[in-house]
Amino acid sequence: MVDFNEPALASSSSNNGPTSVNGTTDLVNDKTCEICFKTFRTRQKLTIHRNTHLRLAPFKCTFDGCTKAFKSRIGLDEHVARHTNSFEFTCDICSKGFQHRSYLSAHRRAHNTDRNFQCVLCEQSFKSKQALLDHKNRRHLGVKPFACELCDKQYTKSSQLREHIEQQHSGKRDDARSTRHPCPECGKQFTSKSYLNVHLRIHRNERPFVCEVCNKGHITRKDLAVHMTSHTGEKPLSCDICGKTYARRNALDCHRRTHTKERPYICDICGQSFSQATPLRVHRKLHETVGHKKQSPIETQKSVATDVSQDQNR
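For the sequence shown, UniProt numbering assigns the number 1 to the initial residue and increments by one for each residue that follows.
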């Protein structure tokens with residue numbers, strides 16, 4: 001079994017200390033799948049994804065005679081809506097109903113048969129700019145963006161990487177619960193010696209993956225791949241809702257929340273939610289500044305404003 005409480009690995013793509021593109025020091029952070037290394041916007045989505053690896057379907061339909069079960073609450077909601085024939089959203093092309101906007105968006109893309117993005121090398125055409133870019137990188141340039149962090153093998157598809165991990169490293173994951181590898185520098189523990197070795201590069205200031213353009217070093221191959229987009233101007237990540245492209249995953253994640261209205265960052269004191277981590281940190285400091293941890297956000301902000309006004313009048 002996988003130890004889902006495994007501490008995150010620190011990573012850096014900077015020569016000035018362990019920082020990363022999203023302001024954290026996580027290589028495998030608290031929203032990254034330990035099995036296939038896919039990263040998600042929220043821990044809830046990560047849990048749903050993990051269930052696919054473990055073949056879990058904890059959300060069961062309670063309608064009489066129905067034995068279906070689903071890996072997520074959203075999947076169950078969609079299913080129950082078909083029992084009751086009650087939908088929040090309807091496709092304007094075929095009138096099929098959905099309980100969640102994201103399901104409708106994915107469905108509508110299936111109606112789009114236009115393939116306006118053509119490869120100049122082989123004339124194969126694609127529905128999206130992202131699909132064309134993936135094709136060129138993998139078919140013509142030999143790019144293998146999915147690297148195994150346990151042995152550094154690379155693959156052109158995420159499914160190939162998952163299959164490799166299942167076949168070659170399953171034993172390492174099975175022993176994860178009983179085997180711990182502590183960092184001799186800071187004491188952080190890891191379930192894999194490979195994870196520990198990557199982490200140790202932070203303490204030793206080792207950056208073996210060097211950019212051929214500017215000679216900047218990076219801790220992992222993944223960090224180097226992200227860095228290279230700053231030279232090429234490439235924006236390989238695209239929004240699946242509006243098509244806008246980005247070079248970095250965290251920028252795309254922030255953008256997508258403008259569509260989904262998702263606010264995953266929640267204040268543990270007053271419950272106010274935010275779409276990004278930085279506003280939450282600023283908000284959290286308001287509580288700490290006035291020292292009234294049970295105040296509401298509005299009361300807290302009023303207290304801060306009062307304190308500032310008093311300081312100015314002294």
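Note that the Cβ used here is the ideal one computed from N, Cα and C, for glycine as well. Keep in mind it's a predicted model, so treat the numbers as computed, not measured.
For Lys127, the three-state secondary structure derived from DSSP is coil.
Boundaries for Ser86: no alpha helix (DSSP H) harbours it, and the DSSP string shows neither H nor E there.
Closest option to Ile241, judged by alpha-carbon separation, among Asn116, His140, Cys61 and Gln130: Gln130. Taking the CA atoms as reference points, Gln272 sits about 20 Å from Lys45.
The segment 216–292 is shown to contain whole alpha helix (DSSP H) runs of 4 or more residues at 221–232, 249–260 and 277–290, in chain order.
In this structure, DSSP gives Thr32 an extended state, which the three-state scheme calls strand.
The secondary-structure analysis by DSSP pairs His181 across a beta bridge with Phe190. The residue among Pro58, Asp77, Phe63 and Thr62 with its C-alpha nearest the C-alpha of Lys71 is Pro58. For the pair Lys222 and Lys188, the Cα-to-Cα distance works out to about 22 Å. The C-beta distance from Arg115 to Ser125 rounds to 4 Å, short enough to fall under 8 Å. Only buried fits Pro264, as 16 or more other CB atoms lie within 10 angstroms of its CB. Excluding five sequence positions before and after Leu252, the CB atoms of its chain that fall closer than 6 Å to its own CB belong to Leu237 and Tyr246, given in chain order. DSSP, read as helix, strand or coil, puts Thr39 in strand.
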